[in-house]
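In what follows, a single structure is set out as structure tokens and then discussed.
Number of protein chains: 2
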Amino acid sequence: MMNLLTIGRAAEAVGCKVQTIRYYEQIGLLPSPSRSGGNQRLYDEEAIRRLSFIRHARELGFPLQTIRDLISLADNPEYSCEAADAIAKKQLEDVDRRLKRLQALRRELERMVEQCKGGRIANCRVIETLGDHTLCEAKNHDIPKV
Amino acid sequence: MMNLLTIGRAAEAVGCKVQTIRYYEQIGLLPSPSRSGGNQRLYDEEAIRRLSFIRHARELGFPLQTIRDLISLADNPEYSCEAADAIAKKQLEDVDRRLKRLQALRRELERMVEQCKGGRIANCRVIETLGDHTLCEAKNHDIPKV
DNA sequence: GTACTATCTCTAGTAGCTATAGGTTCAAGG
DNA sequence: CCTTGAACCTATAGCTACTAGAGATAGTAC
Numbered sequence: 001m002m003n004l005l006t007i008g009r010a011a012e013a014v015g016c017k018v019q020t021i022r023y024y025e026q027i028g029l030l031p032s033p034s035r036s037g038g039n040q041r042l043y044d045e046e047a048i049r050r051l052s053f054i055r056h057a058r059e060l061g062f063p064l065q066t067i068r069d070l071i072s073l074a075d076n077p078e079y080s081c082e083a084a085d086a087i088a089k090k091q092l093e094d095v096d097r098r099l100k101r102l103q104a105l106r107r108e109l110e111r112m113v114e115q116c117k118g119g120r121i122a123n124c125r126v127i128e129t130l131g132d133h134t135l136c137e138a139k140n141h142d143i144p145k146v
Numbered sequence: 001m002m003n004l005l006t007i008g009r010a011a012e013a014v015g016c017k018v019q020t021i022r023y024y025e026q027i028g029l030l031p032s033p034s035r036s037g038g039n040q041r042l043y044d045e046e047a048i049r050r051l052s053f054i055r056h057a058r059e060l061g062f063p064l065q066t067i068r069d070l071i072s073l074a075d076n077p078e079y080s081c082e083a084a085d086a087i088a089k090k091q092l093e094d095v096d097r098r099l100k101r102l103q104a105l106r107r108e109l110e111r112m113v114e115q116c117k118g119g120r121i122a123n124c125r126v127i128e129t130l131g132d133h134t135l136c137e138a139k140n141h142d143i144p145k146v
């Protein structure tokens, strides 16, 4: 008999919360697993593989919809690799954009922090810099999604 | 008379959406502005300053709660600069963590993309890499918040 | 048998907006 | 003065990706 994992073990195995797994099932990203006599979810190896796939992709920043796309690609092995490649490339570009953005933010924050000489709030560079947009590199960019 | 801006002009001035301004008012981050005879919001310079402050801080990645803290510091100019400085430092550290994380993700994504030789899905490195966590630098890290 | 933990379903909450519906106000042109 | 169209109003729901809680049942260890 292959080893079946309860939802708690499965969560532990892939490094996420129990509720997250139920959530993935709820939104149709994970198929409903088999159940024990007492109605508890039991995950086989295939299910764990899919869950790992999802988690790994999430850790790489892929949004759930993209993961959905990747899964449907993976489920059709006769198709070409191109689409999956394109998705990964797009994700890479996305990460590059976020990196650039974060680096700009970092520079401005660092400038803010360096200029703080520990006086009164009234002449605090941090507050002042935040209030004055004019010197800001980050101007006219989108807000970083965290 | 000083120039008062309608909400649309205010949004334009600070580069955000009209609804965002109403939202900030709703959650108590912006005080309720004065109104025209026809009940439309009118923003004075002080209000615009506060709004810019909020937007700029948001662009730098500060969460709204932190911005609340900064505002209450700024509103008490007799206090020391230390607290504001500490907040900015914390934010800088946060940005640094995210940068490191994103850089690791970038490396893994790049590896994925480079290895894709454009064959069938069945042996697609992108899919395979996502399914196999073992070579992943990013292992055991939190999922990046986008 | 009794504890204690893990699981179940269902619902609501989180951040930070964004969008929609259905109605009013305002400014410009005729 | 009247009309048209954009901008405004409130209220509510939706978005992503979870996360947390309540109250009930199942499984496990002694």
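Here the protein sequences line up with chains A and B, keeping their order.
The first sequence runs 1 to 146 under this note's numbering.
The second sequence runs 1 to 146 under this note's numbering.
The C-beta atom is built at its ideal place from N, Cα and C for all residues, glycine as well.
Close-in-space but distant-in-sequence residues of the same chain around residue i (CB under 6 Å, 5 per side omitted)
{"i": "B:N140", "result": "Low confidence applies to B:N140: its pLDDT is 47, below 50, so where it sits in the model is not reliable enough to give any reading."}
{"i": "B:K145", "result": "Summary for B:K145: the model assigns pLDDT 44, below 50, so the residue's position carries little reliability, and this model does not support an answer."}
{"i": "A:C116", "result": "R125 and V126"}
{"i": "A:D142", "result": "Because A:D142 carries a pLDDT of 49, less than 50, the predicted location of this residue cannot be relied on, and the following value inherits that uncertainty. Closer than 6 Å at the Cβ level, and outside the excluded window around A:D142, lies no residue."}
Short Cβ contact (8 Å threshold) for residue i with residue j
{"i": "A:R92", "j": "B:R106", "result": "Per the sequence shown, residue 92 of chain A should be read as Leu rather than Arg. It is a contact, given that the beta carbons lie within the stated cut-off."}
{"i": "A:G131", "j": "B:S52", "result": "yes"}
{"i": "B:A73", "j": "B:R50", "result": "The residue you asked about is not Ala; residue 73 of chain B is Leu in the sequence shown. No, they are not a contact pair."}
{"i": "B:A10", "j": "B:I21", "result": "yes"}
{"i": "B:D151", "j": "B:I87", "result": "Any answer about residue 151 of chain B is impossible in this case: the structure gives chain B only from 1 up to 146."}
{"i": "B:A84", "j": "A:V126", "result": "yes"}
{"i": "B:A57", "j": "B:I67", "result": "yes"}
Run of the beta strand (DSSP E) containing residue i, from where it starts to where it stops
{"i": "B:Y43", "result": "R41 to Y43"}
C-alpha gap between residue i and residue j, whole angstroms
{"i": "A:E128", "j": "B:C81", "result": "11 Å"}
{"i": "B:Q103", "j": "A:E108", "result": "19 Å"}
{"i": "A:A138", "j": "B:Q26", "result": "At A:A138 the pLDDT is 46, less than 50, meaning the model places this residue with poor confidence; the figure from the coordinates comes in the next sentence. Going from the Cα of A:A138 to the Cα of B:Q26 covers about 27 Å."}
{"i": "B:L60", "j": "B:S32", "result": "25 Å"}
{"i": "B:D44", "j": "B:I71", "result": "18 Å"}
{"i": "B:E46", "j": "B:V113", "result": "50 Å"}
{"i": "A:R98", "j": "B:K89", "result": "20 Å"}
{"i": "B:Q111", "j": "B:G28", "result": "First, the amino acid is wrong: residue 111 of chain B is Arg here, not Gln. C-alpha separation (whole angstroms): 46 Å."}
{"i": "B:Q65", "j": "B:Q40", "result": "28 Å"}
{"i": "B:F62", "j": "A:F62", "result": "23 Å"}
Residue i - containing alpha helix (DSSP H), residue span
{"i": "B:K100", "result": "E82 to Q115"}
{"i": "A:E128", "result": "R125 to G131"}
{"i": "A:E78", "result": "A:E78 -> no alpha helix (DSSP H), and no H or E assigned at all."}
{"i": "B:I156", "result": "Lying before the first or after the last residue shown, residue 156 of chain B is absent from chain B, which here runs from 1 to 146."}
{"i": "B:G8", "result": "I7 to V14"}
Same chain, Cβ closer than 7 Å to residue i, five either side skipped, listed in chain order
{"i": "A:G8", "result": "V18"}
Spatial neighbours of residue i in its chain, beta-carbon cut-off 8 Å, leaving aside the 5 residues before and after
{"i": "A:Y24", "result": "L30, L51 and I54"}
{"i": "A:Y79", "result": "L73"}
{"i": "B:L42", "result": "L4, L5, T6, P33, S34, R35 and S36"}
{"i": "B:G15", "result": "R55"}
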